[in-house]
Amino acid sequence: MPSSTSSSEPRKIPRGDWRVIWLVTGVVAIGLLGAAELVTRAHGQRPSVVDDPISWSLVRRTADDDPRVVAFIGASRMALGYSADAFAEAAPTLRGVQLAIDGASPFGVLADLAGDEHFRGLVVVDMIEWEVGVSDTFNDARLYVSREHALWRAPGALANRILAGSPQSEFALLALGGRRLVTSLVGKLQWPTPSWVAADRDRISRADYSLAEPAALRRKRDNRLDTIPAATPSPDEWLAIIARDIEPQLRQLRAHGGDVAVIHMPLSGRLLEVFDQKYPRQRYWDVFAARSAAHVLHFRDIPAMATLTCPDEMHLDQKDHAAFTRALVGALRERHLLREP
Amino acid sequence: MQFNSYVFAAFFAVVLAGYNLPGLSWRGQKLWLLVTSYLFYAAWDPVFITLVWLSTFVDWTAARLITRAGTPSRRRGLLIVSLVINLGVLGYFKYGNFVLANLVSALHALGVDYHPAPFDIVLPIGISFYTFHTLSYTLDIYLGRTKPWPSFLDFALYVTFFPALVAGPILRASQFLPQCAQPRRTTGRLLAWGLTLVVLGLFEKCVLADVMLAPAADLVFTANPVGPADAWTGTLAFAGQIFCDFAGYSTCAIGVALCLGFSLPDNFRFPYAAVGFSEFWTRWHISLSTWLRDYLYIPLGGNRAGVARTYVNLMLTMLIGGLWHGASWTFVVWGGLHGAYLIGERLVARVLPPGAWRARAGTRVAGAMITFVLVCIAWVFFRAASFAEAFAILKGMFGVARGPRVLPLVNYELVGLVTVVLLATQWAMRARPLEDLVERTPWAVRSLALGTMIVAIILMQGQDRAFIYFQF
């Protein structure tokens with residue numbers, strides 16, 4: 536630590552040719568960073584932009600009063616399923632907005648859009664049965680929604696998010712994550728395995744499951760199966776929760792000119808079996824579809840979607856997200872939900 | 011705005027460029043620093059800049075009126091007004107919810123069922139620091155230690171100077187204001203050494219504290235029960251984390267100020283090499299411990315009113331010092347433990363005079379180890395979110411509780427490695443200034459070390475933890 540004891544005394548500056556020292560420091564740093572970037576990319580890591588409440592807020596602001604807006608909300612399933620490029624190609628007159636939040640149920644964002652009287656676009660909600668009735672259903676997205684409502688109160692964080700976007704979208708080494716790097720180097724004596732998900736500045740995520748270690752995928756799947764509650768609500772309880780908590784939002788959204796489509800995203804393997812067993816479709820989902828103020832879709836009813844497989848049983852690989860998005864656009868168009876000229 | 015952010019790098023580059031504009035007068039430079047300091051604070055939340063203005067205005071006015079006051083009672087009255095406003099604002103924002111919760115508990119104990127709506131209070135960042143900046147000025151004027159400074163611009167800059175605004179070091183007017191009298195510029199040598207300190211501070215924060223230590227502390231302090239190995243590893247991790255986090259911030263602040271030609275006081279001097287607690291507090295958060303000594307311990311009577319009163323004064327000072335850190339009884343207990351350590355040290359010194367055993371290297375090392383272990387035990391209360399959490403850790407540390415292993419193996423390796431290196435470095439450097447070590451280091455080694463630290467800081471992105479002392 537510095538040594539001086541009184542600030543009114545000038546600090547001692549160590550002797551030396553500091554110009555040379557910093558010049559060589561710059562060369563060393565650039566050289567090492569360049570080498571680290573090459574090694575990181577050689578291991579398959581892609582650049583990825585950090586997703587946080589600020590970046591969500593910036594995208595949320597593009598969901599304005601334009602009726603051509605199609606907002607995609609949900610959790611990681613929708614985040615990894617939606618392809619902005621495929622949407623732009625399939626529905627060139629509309630504006631897709633990615634508002635799904637990894638790890639958060641969709642209802643907090645749905646409530647935000649329902650409460651926004653200017654919003655007149657279409658909301659596509661990714662919903663699966665176990666999210667209904669979870670105590671934190673509306674609070675999951677609270678940090679994101681409250682930040683968007685008071686974005687002006689965090690100008691530094693906003694500026695930082697904008698500035699960080701450029702380097703993060705260019706350099707793969709910034710996506711390594713310090714902790715992952717250190718634990719891999721110290722614990723396993725190897726460069727960290729790449730993360731299979733990467734996101735861009737518009738919050739468009741892509742999952743490349745060919746990068747994932749099979750054992751890690753198995754662990755995630757098993758952990759997920761463990762989190763499914765042993766006791767599920769009865770169909771009547773489940774539908775009552777929807778009628779009480781979610782239907783008012785759907786009606787409110789439609790009242791100010793918006794519209795809603797709720798979709799059950801593709802699942803696969805053991806997870807799909809568990810869902811079929813715990814939430815038989817005809818007693819849960821189909822009754823909800825018949826009663827809801829929203830247009831309700833199920834992936835099994837959309838042929839191009841029904842054949843898609845989730846490598847980790849819950850999320851789509853990047854090779855399928857364009858097919859999913861095209862199938863979704865087709866299904867929405869068939870039901871006349873897209874406000875195309 | 012955090013030092014470890016992209017936005018700070020851009021902000022600082024603009025500040026430096028504007029500050030060194032050719033032809034800009036010294037007054038213009040100070041005005042530029044004041045405006046950019048306000049922007050620095052407003053970047054967190056523009057609303058709370060008004061509190062900084064209030065604090066600046068109140069103490070500037072109070073100091074001038076105290077000087078002009080004709081009678082001691084009027085002087086005292088003006089001081090009380092300043093204290094009430096400053097501590098009132100601090101109390102409302104920092105302790106409002108705490109007082110309310112304790113009031114509800116007390117009433118509940120008396121059989122009164124009272125359920126008030128909780129205050130929706132956001133703690134303004136750095137309020138404890140700038141409040142102590144301004145209070146020290148008014149107190150110094152009242153005590154006759156200094157005269158009112160003639161320039162409001164200088165005073166406003168003293169309160170708001172951005173390197174030290176949100177997490178210290180806590181500045182004294184007598185340290186800072188004289189530096190405003192003489193024009194300053196960024197020179198090549200100041201910039202080089204200042205940036206070196208910034209890199210060192212960021213390395214401590216981003217690499218050691220956030221990446222290598224914090225995850226272990228986080229895991230252990232949320233587990234219950236905790237076994238001995240996890241409890242000790244988590245506590246050692248936090249001891250290292252809080253040092254690297256806060257000393258890292260202070261080192262950055264000193265470096266940033268130096269780039270602008272200003273000297274800030276030291277805040278840390280290798281505290282884990284301290285032999286005894288009196289020495290620890292001359293090495294840990296020096297600007298706070300000297301503030302508490304000068305404005306609390308000595309006015310209470312210090313050690314001038316007998317042994318018993320000295321102990322009471324020590325304990326009161328440390329309890330208030332604990333409460334300064336946060337609105338929680340766990341902080342008070344942390345302060346109380348340090349008060350007890352200081353009293354215990356004085357009692358031990360009566361039967362075992364330090365002169366005798368401090369002369370031998372072995373007993374000195376043993377003294378430092380005992381001090382460090384006791385400091386770590388106190389850290390448990392500082393880190394724990396509740397007494398239940400703290401006692402779960404303490405039970406583990408003393409072998410009373412057993413629990414399933416919480417930490418992955420790599421955490422033991424990382425915490426062990428950093429702790430050994432940290433303690434060895436602090437012991438080796440305990441009597442030497444950093445500048446001397448750097449001066450004796452060949453230039454190529456300096457470059458290699460700096461370059462490696464910069465790379466490590468960049469690679470360790472992604473943890474996104476605020477400096478711990480921002481919350482105080």
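Residue numbers (the numbering used here), protein chains in the order written: chain A, 536 to 876; chain B, 11 to 482. All C-beta atoms in this analysis are idealised placements derived from N, C-alpha and C, irrespective of residue type, glycine included. Quick caveat, the model's predicted, so the values are computed rather than measured.
Original post:
Roughly how far, in whole angstroms, is the beta-carbon of B:Ala402 from the beta-carbon of B:Ala395, given that I think they are within contact range, below 8 Å?
Top reply: Position 392 of the second sequence, counted from the first residue, corresponds to residue 402 of chain B. Position 385 of the second sequence, counted from the first residue, corresponds to residue 395 of chain B. Rounded, the Cβ-Cβ distance is 11 Å, inconsistent with contact.
**OP:** Can you check the stretch 627–669 of chain A for any alpha helix (DSSP H) of at least 4 residues that lies completely inside it and give the ranges in chain order?
**Re:** The qualifying runs are 642–650.
Subject >> Cβ-Cβ separation, B:Gln436 to B:Tyr538 (assumed contact under 8 Å), whole Å >> reply: The requested residue 538 of chain B does not occur in the structure, where chain B is confined to residues 11 to 482.
Original post:
Exposed or buried, B:Val317, counting other C-beta atoms within 10 Å across all chains shown (16 or more means buried)?
Top reply: The sequence position of residue 317 of chain B within the second sequence is 307, counting from 1. B:Val317 is exposed by the Cβ-count criterion.
Original post:
Buried or exposed: which applies to B:Pro309, given that a residue is buried once 16 or more other Cβ atoms fall within 10 Å of its Cβ?
Top reply: Along the second sequence, one-based indexing puts residue 309 of chain B at 299. Classification of B:Pro309: exposed, given that the 10 Å Cβ count is below 16.
Subject >> Exposure of B:His118, with buried meaning 16 or more beta-carbon neighbours within 10 Å >> reply: Your numbering for residue 118 of chain B matches position 108 in the second sequence. B:His118 should be labelled exposed.
**OP:** Check whether the Cβ atoms of A:Ser740 and A:Asp586 sit closer than 9 Å, and answer yes or no.
**Re:** Position 205 of the first sequence, counted from the first residue, corresponds to residue 740 of chain A. Position 51 of the first sequence, counted from the first residue, corresponds to residue 586 of chain A. Cβ distance < 9 Å, so A:Ser740 and A:Asp586 count as in contact.
Original post:
Hey, how far is the Cα of B:Phe397 from the Cα of B:Leu113?
Top reply: The count along the second sequence starts at 1 and reaches residue 397 of chain B at position 387. The count along the second sequence starts at 1 and reaches residue 113 of chain B at position 103. About 19 Å.
**OP:** Could you tell me whether any Cβ in chain A is nearer than 9 Å to the Cβ of B:Gly28?
**Re:** Residue 28 of chain B sits at position 18 when you count from the first residue of the second sequence. So no, B:Gly28 is outside the interface.
Subject >> Continuous beta strand (DSSP E) stretch holding A:His833: start and end >> reply: Here residue 833 of chain A is taken as the residue at index 298 of the first sequence, counted from 1. Counting along the chain, the beta strand (DSSP E) containing A:His833 begins and ends at His830 to His833.
**OP:** Could you tell me whether the stretch 621–629 of chain A touches the stretch 574–586 of chain A, using the rule of 3 or more Cβ pairs below 8 Å?
**Re:** Here the stretch 621–629 of chain A does not lie against the stretch 574–586 of chain A, with fewer than 3 beta-carbon pairs under 8 Å apart.
**OP:** Could you name the residues of chain A that B:Gln471 contacts, counting a contact when the two beta carbons are closer than 7 Å?
**Re:** Position 461 of the second sequence, counted from the first residue, corresponds to residue 471 of chain B. Those within 7 Å of B:Gln471 in chain A are Leu709 and Gly713.
**OP:** Please report the Cβ distance between B:Pro134 and B:Leu61, rounded to the nearest whole angstrom; I am assuming they are in contact, meaning their Cβ atoms lie under 8 Å.
**Re:** Residue 134 of chain B sits at position 124 when you count from the first residue of the second sequence. Residue 61 of chain B sits at position 51 when you count from the first residue of the second sequence. Right, the Cβ-Cβ distance comes to about 6 Å (below 8 Å), so this counts as a contact.
Subject >> Chain-ordered neighbours of B:Ala20 on chain A, where CB pairs are closer than 7 Å >> reply: Translated into the one-based positions of the second sequence, residue 20 of chain B becomes position 10. Within 7 Å Cβ-Cβ: Leu698.
**OP:** Buried or exposed for B:Ala20, please, with buried defined as at least 16 other CB atoms from any protein chain shown within 10 angstroms of its CB.
**Re:** As a working note, residue 20 of chain B is residue 10 in the second sequence. Counting C-beta atoms within 10 angstroms of its own C-beta, B:Ala20 has fewer than 16 neighbours from the protein chains shown and is therefore classed as exposed.
**OP:** Could you tell me which of A:Trp773, A:Pro838 and A:Glu782 sits nearest to A:Arg818, measuring between CA atoms?
**Re:** The residue given as residue 818 of chain A occupies position 283 in the first sequence. Ranking A:Trp773, A:Pro838 and A:Glu782 by Cα distance to A:Arg818 puts A:Trp773 first.
Original post:
DSSP on A:Val795, reduced to helix/strand/coil?
Top reply: On the first sequence, position 260 is the one that residue 795 of chain A refers to. Three-state DSSP puts A:Val795 in a strand.
**OP:** Could you name the residues of the stretch 184–202 of chain B whose beta carbon sits closer than 8 Å to any beta carbon of chain A, in the order they occur along the chain?
**Re:** Ser184, Gln185, Phe186, Pro188, Gln189, Gly198, Arg199, Leu200 and Ala202
Subject >> contact_flag[the stretch 603–615 of chain A, the stretch 840–854 of chain A] where n(CB pairs < 8 Å) is 3 or more >> reply: yes
Original post:
Using the C-alpha atoms, what's the distance from B:Tyr48 back to A:Arg550?
Top reply: Position 15 of the first sequence, counted from the first residue, corresponds to residue 550 of chain A. Position 38 of the second sequence, counted from the first residue, corresponds to residue 48 of chain B. Taking the straight line joining both Cα atoms gives about 35 Å.
Original post:
Where does B:Trp389 land, buried or exposed, given buried means 16+ other C-beta within 10 angstroms?
Top reply: Here residue 389 of chain B is taken as the residue at index 379 of the second sequence, counted from 1. Within 10 angstroms of the beta-carbon of B:Trp389 lie 16 or more other beta-carbons, which makes it buried.
Subject >> Cβ-based contacts, 9 Å cut-off: residues of the stretch 406–435 of chain B near chain A >> reply: Going along the stretch 406–435 of chain B in chain order, one finds Pro418, Leu419, Val420, Asn421, Glu423, Leu424 and Leu427 with a Cβ nearer than 9 Å to chain A.
Subject >> Spatial neighbours of A:Pro537 in its chain, beta-carbon cut-off 8 Å, leaving aside the 5 residues before and after >> reply: By one-based count along the first sequence, residue 537 of chain A stands at place 2. Residue confidence is low: A:Pro537 scores 42 on pLDDT, short of 50, so the model does not pin down where it sits. Its coordinate-derived value is still stated next. Cβ neighbours of A:Pro537 beyond the five flanking positions: Arg546.
Subject >> Span separating the alpha-carbon of B:Ile296 from that of B:Ile387 >> reply: Taking the second sequence and counting its residues from 1, one reaches residue 296 of chain B at position 286. Taking the second sequence and counting its residues from 1, one reaches residue 387 of chain B at position 377. Using only the alpha carbons, I get a separation of about 21 Å.
Subject >> Contacts that B:Gly250 makes with chain A (C-beta to C-beta distance below 7 Å) >> reply: For the purposes of this step, residue 250 of chain B is taken as the residue at position 240 of the second sequence. Per Cβ cutoff of 7 Å: no residues; B:Gly250 is ~14 Å from chain A at best.
Original post:
From the beta carbon of A:Val692, is the nearest beta carbon of chain B less than 9 Å away?
Top reply: Within the first sequence, residue 692 of chain A is the residue found at index 157, counting from 1. The sequence shown places Ala at residue 692 of chain A, not Val. Interface residue, yes.
Subject >> Contact set between B:Pro56 and chain A, taken where Cβ atoms lie within less than 8 Å >> reply: Counted from its first residue, the second sequence places residue 56 of chain B at position 46. Here the neighbours are Trp687, Arg688 and Pro690.
**OP:** Measure the CB-CB distance between B:Pro7 and B:Pro275 and report whether it falls below 9 Å.
**Re:** Because chain B here runs from 11 to 482, residue 7 of chain B falls outside it and cannot be looked at.
Subject >> Contacts around A:Gly700, its chain only, beta-carbon distance under 6 Å, and the 5 residues preceding and following it disregarded >> reply: By 1-based counting over the first sequence, the position of residue 700 of chain A is 165. Taken in chain order, the residues that qualify are Val584 and Arg736.
Original post:
Which runs of the alpha helix (DSSP H) spanning at least 4 residues fall entirely within the stretch 28–82 of chain B, listed in chain order?
Top reply: 36–52 and 59–78
**OP:** Report yes or no: do three or more beta-carbon pairs, one from the stretch 70–90 of chain B and one from the stretch 147–166 of chain B, lie closer than 8 Å?
**Re:** yes
Subject >> CB contact below 9 Å: A:Val563 versus chain B >> reply: The sequence position of residue 563 of chain A within the first sequence is 28, counting from 1. With 9 Å as the cut-off, A:Val563 counts as an interface residue toward chain B.
Original post:
Closer than 9 Å, CB to CB, is A:Asn758 near chain B or not?
Top reply: Translated into positions along the first sequence, residue 758 of chain A becomes position 223. Chain B, which has no Cβ nearer than 9 Å to the Cβ of A:Asn758, makes this no.
**OP:** At 8 Å on the CB atoms, spell out the chain B contacts of A:Pro545, in chain order.
**Re:** On the first sequence, position 10 is the one that residue 545 of chain A refers to. Per Cβ cutoff of 8 Å: Ser273.
Original post:
Should B:Val45 go down as buried or exposed, given a rule of 16 or more other Cβ atoms within 10 Å for buried?
Top reply: Taking the second sequence and counting its residues from 1, the one referred to as residue 45 of chain B is at position 35. B:Val45 should be labelled exposed.
Subject >> Within chain B, the residues that A:Asp552 reaches when beta carbons sit closer than 9 Å >> reply: Within the first sequence, the letter at position 17 stands for residue 552 of chain A. By Cβ distance, chain B contributes Trp453.
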